[in-house]
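Engineer: Next up is a structure, given as structure tokens.
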Amino acid sequence: MESGHKLAMRKYYILAFGIAGVYFVTYGAYGLAFWYGSELIGDGKCTPGSVFTVFFSVMAGAFSLGNALPFVNAVSTAIGAASTIFGIIDRVPEIDSYSKDGMTPMTVFGKIQFKGVNFVYPSRPDVKVLKNFSVDIEPGKKVALVGSSGAGKSTVVGLLMRFYDPISGKINLDGVDIRSLNLHWLRSQIGLVSQEPVLFGTTIAENIRYGREDVTLKEIQNAAELANAHGFISSLPLVCTISIEGYDTLVGERGAQLSGGQKQRIAIARALVRDPKVLLLDEATSALDSHSEGVVQEALEKAMAGRTTIIIAHRLSTIRNADVIYAMKNGDIVEWGSHNELMANTNLYYTLVMTQTAIDDDENEAGEGTEDDDVKVTAGGDDQVHCSENHSCIETEKGISRERKKRISYHSSLSSIHGDPELDRLEEEVRKERDFSFSFWRLFLLNQPEWSSLSVGLIGCCLCGAIMPVFAYFYGEIFAVASTSAAREQLKYGIAGGIAEEVLSSIRTVTSFGGQPREVQRYVLITIF
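Following the UniProt record's numbering, the numbering of the sequence shown begins with 1 at its first residue and continues without gaps.
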């Protein structure tokens, strides 16, 4: 506490001399101008009007320059920020999506090969995400990647899109290393549907058009039909007579006006509008409720027809019909085969399926116990959850189960603390603290050791307050005494005294009162502890 007090007082002393210096320079300049002007007038070299013209010109320029100084700090801050921004803009990344280099084959069949791929993220160079990863995917086949979190499934998608490059090994598309292909062309041949679709605050048609800039309205409609989105889009109101049904409807910021299933289907349409030969589905349905998942899954089945598809699956029930399922663990492939083959092996995939089945069963049992609660499920539009005796609303049940646990915990807490004497004591202390008041007289007595400094500070305040009236008096008298030698000498001494008065009053005022809050704080802390 003492070290902090000394540091604070040092700050106030520096502040005092700084303010005094500013006033000294300001009023010193006034005094110098009056003195030298009177000398020029006395020698007949200048008229009083010229002196005051120069004085006001210099004073206005000085004030303008002083007011401009804060903006210099803003300019220097902007220069520092701009240098960082320009550094980012001018930086050419190793994987440059704007580069014109690379091959652009005329046809794409969709054969994908991962050959001995090893990869680590730049932020975690000591953790190997993929270890000698090798997979062959034939054109038009549906391949699923499953595994626990951190197994490297989504990393495969990032490498194929060339968000990163492997540290060793290579990835081929139709027998050509993707690093030798033009990056913009490569990504135009791949459609990606992620778990959380990103929609922009514009119309449905424009969001789909982001998949391919030169697409026509008819192609947008065809892509929406293929994604099972045309139905709900058609039910939206017409915005203008030239719009195609509801395609000019604004989706809101980040698609806030649409449900999760609707946003996902628009994202699928955006991926399909470019007619990609390769389709990547990165947990495309894991964030949806049961009903929306079924609608979106139907759209995905239509979208996967005739395309090489890589599915990253969280809900294993959605990949039963995949041609090949690869089970991954710690960046390596443990086993592969069809659903039936892997279930017969009773290995990693079998364990994942059985674990997920057990979790689903537990959630269903938890949901059955909520019938007596005041819960109302409303059946509604295209993507709302519909519940029946034969179909459990897992997402709704999970939410209801959480609410029941909160209520039980809340009532248990109330019963456990009811009548607790410790709680009563704490409430009484809080009540006393709330009613406690600190009088001004007691605060004044706490400052008793500093009364001498306060008195000096009070005198300094009075002197400081007299500065402007005194300056105004001298300022008015200068007109009358400009041509009188004796009066001019008196004016010199008056100005010098005014400057000295201002310097001393500034120092006394700031040092006496500036450090006073710190002194009061120190006394209060000593009293408390």
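C-beta: ideal position from N, C-alpha, C; glycine also. Nothing here was measured: the structure is a model prediction, and the numbers come from that model.
For G260, report the span of its alpha helix (DSSP H) as first-last.
Structural biologist: G260 to L272
Engineer: Using 10 angstroms around the beta-carbon of G252, count the other beta-carbons present and answer buried if the total reaches 16, otherwise exposed.
Structural biologist: exposed
Engineer: For M59 and I459, what's the separation of their Cα atoms in angstroms?
Structural biologist: Cα to Cα, the separation comes out at about 30 Å.
Engineer: My output table needs one value for Q195: the three-state DSSP class, helix, strand or coil.
Structural biologist: Residue state, collapsed to three classes: coil.
Engineer: Between the segment 114-133 and the segment 85-96, are three or more C-beta pairs nearer than 8 Å?
Structural biologist: No, because fewer than three Cβ pairs between the segment 114-133 and the segment 85-96 fall closer than 8 Å, the two stretches do not touch.
Engineer: For the beta strand (DSSP E) holding A144, just list the boundary residues, first then last.
Structural biologist: First-last of the beta strand (DSSP E) with A144: K142 to G147.
Engineer: Assuming the contact rule is C-beta atoms closer than 8 Å, E335 and N321 should be a hit. Round their C-beta distance to whole Å, please.
Structural biologist: Rounded, the Cβ-Cβ distance is 18 Å, inconsistent with contact.
Engineer: At a cut-off of 7 Å, would you count S234 as near the ligand SAM, judging by its Cβ distance to the nearest heavy atom?
Structural biologist: Within the structure as shown, the ligand SAM is missing, as the structure has no ligands at all.
Engineer: By DSSP's criteria, D177 is part of a beta bridge. Which residues make up the other side?
Structural biologist: N172
Engineer: Between the alpha carbons of G201 and L423, how many angstroms are there, rounded?
Structural biologist: 52 Å
Engineer: Rounded to whole angstroms, what's the CA-CA distance from M106 to K218? Just pull it up for me.
Structural biologist: 25 Å
Engineer: Determine the extent of the beta strand (DSSP E) in which E206 is found, giving its start and end residues.
Structural biologist: That residue, E206, is in no beta strand (DSSP E); its alpha helix (DSSP H) goes I204 to R209.
Engineer: Among the residues of its own chain, which have a CB less than 8 Å from the CB of C194, if the five just before and after it don't count?
Structural biologist: Checking the sequence shown, residue 194 turns out to be Ser, not Cys. Result list for S194: A267, D282, E283 and A284, in chain order.
Engineer: Could you have a look at D90 and say whether DSSP puts it in helix, strand or coil?
Structural biologist: helix
Engineer: Just to confirm before moving on: does the CB-CB distance between G158 and R307 stay below 8 Å?
Structural biologist: no
Engineer: Roughly how far, in whole angstroms, is the beta-carbon of Y326 from the beta-carbon of I333, given that I think they are within contact range, below 8 Å?
Structural biologist: 5 Å
Engineer: Which residue or residues does DSSP assign as beta-bridge partners of L250?
Structural biologist: T203
Engineer: Give the straight-line distance between the Cα atoms of A205 and I220, rounded to the nearest whole angstrom.
Structural biologist: 7 Å
Engineer: So G191 and L272 are supposed to be a Cβ contact under 8 Å. How far apart are they, rounded?
Structural biologist: 6 Å
Engineer: Among A29, P70 and I79, which one has its Cα closest to the Cα of F56?
Structural biologist: A29
Engineer: From I233 to Y247, what does the alpha carbon distance come to, in whole angstroms?
Structural biologist: 6 Å
Engineer: Below 7 Å CB to CB, which residues in the same chain sit around Q356 once its five sequence neighbours on both sides are set aside?
Structural biologist: L316
Engineer: Cutting at 6 Å between CB atoms, please list the residues of its own chain near G110, excluding the five before and the five after it.
Structural biologist: P139, K277, V278 and T308
Engineer: Assuming contact is defined by CB atoms lying nearer than 8 Å, are I302 and L226 in contact in what I supplied?
Structural biologist: For the sequence presented, residue 302 should be read as Lys rather than Ile. Going by C-beta atoms, K302 is nearer than 8 Å to L226.
Engineer: Buried or exposed: where does T104 fall if 16 or more other Cβ atoms within 10 Å of its Cβ makes it buried?
Structural biologist: exposed
Engineer: By DSSP's criteria, M103 is part of a beta bridge. Which residues make up the other side?
Structural biologist: Beta-bridge analysis with DSSP links M103 to L181.
Engineer: Please report how far the alpha carbon of E298 lies from the alpha carbon of M304, in whole angstroms.
Structural biologist: 10 Å
Engineer: Please report the Cβ distance between I208 and R274, rounded to the nearest whole angstrom; I am assuming they are in contact, meaning their Cβ atoms lie under 8 Å.
Structural biologist: The Cβ separation is near 10 Å, so there is no contact.
Engineer: For A16, does the count of other Cβ atoms within 10 angstroms reach 16, so buried, or fall short, so exposed?
Structural biologist: Label assigned to A16: buried.
Engineer: Here's a check: name, in chain order, each residue in its chain whose Cβ is nearer than 8 Å to the Cβ of V120, leaving out the five neighbours to either side.
Structural biologist: D126, V127, K128, V129 and I167
Engineer: Can you tell me whether M354 is buried or exposed, with buried defined as 16 or more other CB within 10 angstroms of its CB?
Structural biologist: exposed
Engineer: Taking all protein chains shown into account, do 16 or more other C-beta atoms lie within 10 angstroms of the C-beta of L186, making it buried, or fewer, making it exposed?
Structural biologist: buried
Engineer: Buried or exposed: where does C464 fall if 16 or more other Cβ atoms within 10 Å of its Cβ makes it buried?
Structural biologist: buried
Engineer: Measure the alpha-carbon distance for R254 versus Y210 and round it to whole angstroms.
Structural biologist: 14 Å
Engineer: Our contact map puts I137 next to I112 with C-beta atoms below 8 Å; I'd like the distance itself, whole angstroms only.
Structural biologist: About 4 Å; that satisfies the 8 Å criterion.
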